[in-house]
Amino acid sequence: MRRHRRHAADHGASNGAAQSRDRRARPRVLILGGSSDGFAAAEAFLAAGCEVITSFAGRTETRRAPVGFARVGGFGGVSGLAAYLAVEDIALVVDATHPFAAIITRNAAAACAEVGAPLIHVVRPPWTPEPGDDWRVAADLDSAARMVPVTDGPCFLTVGRMKIGPFATRRDVRFLIRTVDPPSPPFDHPDTLLINDRGPFSLDAERALFDEHRIGCLVTANSGGGAAAAKLVAARERGVPVVVVDRPPPPQGRVVATVPEAVAAAEEMIGLSMAW
Ligand SMILES: NC(=O)c1ccc[n+]([C@@H]2O[C@H](COP(=O)([O-])OP(=O)(O)OC[C@H]3O[C@@H](n4cnc5c(N)ncnc54)[C@H](OP(=O)(O)O)[C@@H]3O)[C@@H](O)[C@H]2O)c1
1 MRRHRRHAAD HGASNGAAQS RDRRARPRVL ILGGSSDGFA AAEAFLAAGC
51 EVITSFAGRT ETRRAPVGFA RVGGFGGVSG LAAYLAVEDI ALVVDATHPF
101 AAIITRNAAA ACAEVGAPLI HVVRPPWTPE PGDDWRVAAD LDSAARMVPV
151 TDGPCFLTVG RMKIGPFATR RDVRFLIRTV DPPSPPFDHP DTLLINDRGP
201 FSLDAERALF DEHRIGCLVT ANSGGGAAAA KLVAARERGV PVVVVDRPPP
251 PQGRVVATVP EAVAAAEEMI GLSMAW
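Here you go:
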């Protein structure tokens, strides 16, 4: 029995015979998603002739549907992921998770090593400060919470709903918190405004938000990429200090910076064009 949900946008063959022929011939690629690169990777590997399954942790209440198949929820650690790779006959794993999702990245490396599956990590380059930026780089969230400066306007906190806990101790700071879904666990702080919204956010929208709330400080993880970068521009233009949470150490193994580079690496590693 198929365990994956197939979305209407899948461009696979439409009749049963053609489908089973395709399934034998097409390499099955597992994309560890939850990022904009994950969606782009699903499209690129489908276009390259692969059968694509995108895996989500299930952290958000709603999510965009990727092309191809989707599955939701943890695998059950390294052994669960290794079993999944074997049972589902996965030819390649593409780790396109967020750069701060360090556990699943580590688990993917261990599980792929266990079953001998090729693995490519897509790690988008981090943001770097530009002229006019006032960045204060924090090693982790606890340090970031300590480093938030006291300013006239609120501190705009954009580190994710499950990561904001350490900031609750800062009773000398007002917060504006933007998350996709409400914070979990709830954020216990008396002077906080919550906004639930999903990016990407345009530069005009970020400028309007900074001006409307008179933002005094920004806290962000160094996610990199274009989808979340506009807030940094808005902060730079206004001379607003930014506390930037540094990334965990990068993964070992085959690491590429973009989805097209991942497809090129896959061609080299598993011979995509020969398989299709
Ligand atoms: N960390 C961030 O700041 C951030 C930001 C935006 C999006 N995301 C996305 O949110 C998801 C969770 O992030 P996280 O930082 O909580 O991860 P994490 O700490 O690295 O992983 C914790 C556990 O969540 C499960 N998991 C994570 N990603 C998964 C995936 N794509 N498919 C299936 N299971 C997954 C795994 O459970 P099992 O051990 O049971 O397999 C993993 O051990 C990731 O997919 C990531 O791309 C994270």
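Numbering (UniProt numbering), first residue to last: 1 to 276. The beta-carbon is built from N, C-alpha and C at its ideal position, and this holds for glycine as well. Values in this document were obtained by computation on a predicted structure and should not be read as measured data.
When the options are compared against residue i, the one with the closest alpha-carbon
i, options, result
"P131", "E267, P241, T158 and G253", "P241"
"T105", "A264, P249, A262 and A257", "P249"
"D191", "V180, L119, V173 and S184", "V173"
"G185", "G160, V150 and E114", "As written in the sequence, residue 185 is Pro, which differs from the Gly given in the question. The candidate whose alpha carbon is nearest that of P185 is G160."
"L194", "A265, R28, A264 and F156", "F156"
"P253", "F75, P129 and V123", "In the sequence as presented, Pro is not what sits at residue 253; that position holds Gly. When each option's Cα is compared against that of G253, the closest is V123."
"A264", "P182, H189, H121 and R171", "H121"
"R171", "P183, T151, T158 and P182", "T151"
"S55", "P129, D95 and L209", "D95"
Boundaries (first-last residue) of the alpha helix (DSSP H) holding residue i
i, result
"T179", "T179 -> not in any alpha helix (DSSP H); beta strand (DSSP E) instead, spanning F175 to T179."
"V259", "V259 to I270"
"A205", "L203 to H213"
Spatial neighbours of residue i in its chain, beta-carbon cut-off 7 Å, leaving aside the 5 residues before and after
i, result
"R64", "F39"
"P126", "N222, G224 and R247"
"F187", "I164, A168 and I177"
"residue 282", "Nothing about residue 282 can be read from this structure; the chain reaches only from 1 to 276."
First and last residue of the uninterrupted beta strand (DSSP E) at residue i
i, result
"R71", "F69 to V72"
"A138", "W135 to A138"
"V240", "Unbroken run through V240: none, as it is neither H nor E."
"A91", "Segment: none, A91 is in no beta strand (DSSP E) and carries neither H nor E."
"A221", "C217 to A221"
"T192", "T192 to N196"
Own chain, CB closer than 6 Å to residue i, minus 5 neighbours either side, in chain order
i, result
"A138", "A144, M147, V243 and V245"
"E261", "none"
"T258", "none"
"R136", "M147 and V243"
"P112", "What sits at residue 112 in the sequence shown is Cys, not Pro. So the qualifying residues of the chain are V93 and L119."
"F201", "A230"
Distance between residue j and residue i (C-alpha atoms, nearest Å)
i, j, result
"V255", "D140", "23 Å"
"K163", "L203", "24 Å"
"A229", "A57", "24 Å"
"D197", "F45", "29 Å"
"D142", "F167", "8 Å"
"F69", "I53", "5 Å"
"S36", "T97", "9 Å"
"A82", "E206", "42 Å"
"G33", "H213", "33 Å"
"C50", "P66", "14 Å"
"I90", "G153", "50 Å"
"V180", "G77", "26 Å"
"I31", "I270", "15 Å"
"G73", "G239", "41 Å"
"A86", "V115", "7 Å"
"R26", "A41", "16 Å"
"A47", "V29", "12 Å"
"A110", "C217", "39 Å"
"Y84", "R71", "11 Å"
"T128", "V219", "15 Å"
Cut-off 8 Å between Cβ atoms - residues of its own chain near residue i, not counting five sequence neighbours on either side
i, result
"D133", "L232, A235, R236 and V242"
"P251", "D95, T105, R106, A109, H121 and V123"
* Asked: For the stretch 28-78, which segments carrying the beta strand (DSSP E) assignment without a break, of at least 3 residues, lie completely within its bounds, in sequence order?
  -> 28-32, 51-56 and 69-72
* Asked: Where in the stretch 107-171 do unbroken runs of the alpha helix (DSSP H), each at least 4 residues long, occur, reported from the N-terminal end onward?
  -> Every unbroken stretch of the alpha helix (DSSP H) spanning 4 or more residues and falling wholly within the stretch 107-171 is given here in chain order: 141-147.
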